[in-house]
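Chains as they are written, first to last, in the working numbering: chain A, 1 to 111; chain B, 112 to 222. Ideal placement from N, C-alpha and C gives every residue a C-beta, glycine not left out. Written below as C-alpha cells is the structure these notes are about.
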C-alpha cells in the first residue's frame, strides 16, 4: 500500500505564502496530484506532477522530487477564499485509475 | 460548478429503502469513479469503471451496486444500507492517466 503524510493544519495571514508538504512511500510511482476541497464541497483539481520539478499555475505551484518521495504545494498571495482542505494524492503504475489520498491539510487564512 | 453532475444533492433514506445515485459527464471521459467521504477524512475509492466495464471494486459491501449504462452515465444503487453508510458520495471521471474531476456529491443520510 501507499503511505502518504501531510500536516493536519496550517494557519497563515492574508497575502502571505504557505507551503504544504507531502511525503509518500510507494512502489511504482506514477504521478502526484493536489486537490482543494472547501467544507461541504467536492474536491477541485489544482496541480499534477509526474516528473521532478516545479509546475506553476498562477498563485499555486507544485513541486516534486521522486528520489525523496516528496512534494509540496505553494500558495502565494493568500486570499480568504483559500481557506480549505488540501489533499495530496498518489497514483502508482500498478493501477492507472487508483488514487491514494493523504488525510488532507486544513489551511486557515486569517485577515 | 463542475462538469460532472450528480443527483440528488441530498438523500435521506431508511435502512429498508432502495434508492439510486446518478452521475453524468459529457467530457468524453472513459473512466468513471465512485468515492465515499466521511467528515474530515479523504475520499475513499469504491468502484472504477473503464470503458463501461467494472475495473475496480474495493471490497465494497453488496448493498452498494454500481452500474454504468453508457459512457456518460454512472449509477450507484443502494439497498438495505446501514447508519454508518451515511457520508458524502462523490462521482469522478477522467481520461486515462489524467486528473480526475469530481462532481459536487450526494450527501446521504441513513435513518
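Output the distance between the C-alpha atoms of residue 108 (chain A) and residue 73 (chain A), rounded to the nearest integer angstrom. One C-alpha to the other measures close to 15 Å.
Of the residues A:60, A:38, A:40, A:37, the one placed nearest residue 47 (chain A), counting alpha carbons only: Nearest Cα to residue 47 (chain A) within the set A:60, A:38, A:40, A:37: A:60.
Chain A within 8 Å of residue 191 (chain B), Cβ atoms only: Using beta-carbon distances, residue 191 (chain B) does not count as an interface residue toward chain A, since no partner is under 8 Å.
Would a check of beta-carbon distances place residue 112 (chain B) closer than 8 Å to chain A? Since pLDDT at residue 112 (chain B) reaches only 49, below the 50 mark, its modelled position is unreliable, and no value is offered.
Pick from A:30, A:57, A:3, A:22: whose alpha carbon is nearest that of residue 92 (chain A)? Taking only the C-alpha atoms, the option nearest residue 92 (chain A) is A:30.
With a threshold of 8 Å, are at least 3 pairs of Cβ atoms found where one atom belongs to the segment 76 to 86 of chain A and the other to the segment 22 to 40 of chain A? Enough Cβ pairs lie closer than 8 Å, so yes.
For residue 166 (chain B) and residue 159 (chain B), I'd like the C-alpha separation in whole angstroms. Between residue 166 (chain B) and residue 159 (chain B), the C-alpha separation is close to 5 Å.
Considering only residues of the same chain and omitting the five flanking positions on each side of residue 6 (chain A), which have a CB-CB separation below 6 Å? 22, 88, 102, 105.
Using a C-beta cutoff of 8 Å, does residue 213 (chain B) count as contacting chain A? Answer yes: the Cβ-Cβ gap between residue 213 (chain B) and chain A drops below 8 Å somewhere.
At 3 residues or longer, and completely inside the segment 129 to 184 of chain B: list those beta strand (DSSP E) runs for me, N to C. DSSP runs (the beta strand (DSSP E)) wholly in the segment 129 to 184 of chain B: 129 to 136, 142 to 148, 155 to 161, 164 to 168, 175 to 181.
My guess is that residue 54 (chain A) and residue 63 (chain A) are in contact by the Cβ rule of under 8 Å, so how many angstroms apart are they, rounded? Going by Cβ atoms, the distance from residue 54 (chain A) to residue 63 (chain A) rounds to 5 Å, so yes, they are a contact pair.
Residue 101 (chain A) touches chain B at which residues, Cβ-Cβ below 7 Å? What residue 101 (chain A) touches in chain B, judged by beta-carbon distance under 7 Å, is 153, 154, going in chain order.
When you compare the CB positions of residue 198 (chain B) and residue 144 (chain B), do they come within less than 8 Å of one another, or not? Taking C-beta atoms as the reference points, residue 198 (chain B) and residue 144 (chain B) fail to come closer than 8 Å.
Apart from the five residues on each side of it in sequence, which residues of its chain come closer than 7 Å, Cβ to Cβ, to residue 71 (chain A)? Counting only Cβ-Cβ distances below 7 Å, and skipping sequence neighbours, we find 22, 32, 49, 62, 63, 64, 88.
Note down the Cα distance separating residue 112 (chain B) from residue 142 (chain B), rounded to an integer number of angstroms. Confidence at residue 112 (chain B) is low in this model, with a pLDDT of 49, below 50, so the placement of that residue is unreliable and no value is reported for it.
At the level of alpha carbons, what is the spacing between residue 130 (chain B) and residue 150 (chain B)? In a straight line, the C-alpha of residue 130 (chain B) is about 22 Å away from that of residue 150 (chain B).
Run through DSSP, which three-state label would residue 215 (chain B) get? Collapsing the DSSP output to three states places residue 215 (chain B) in coil.
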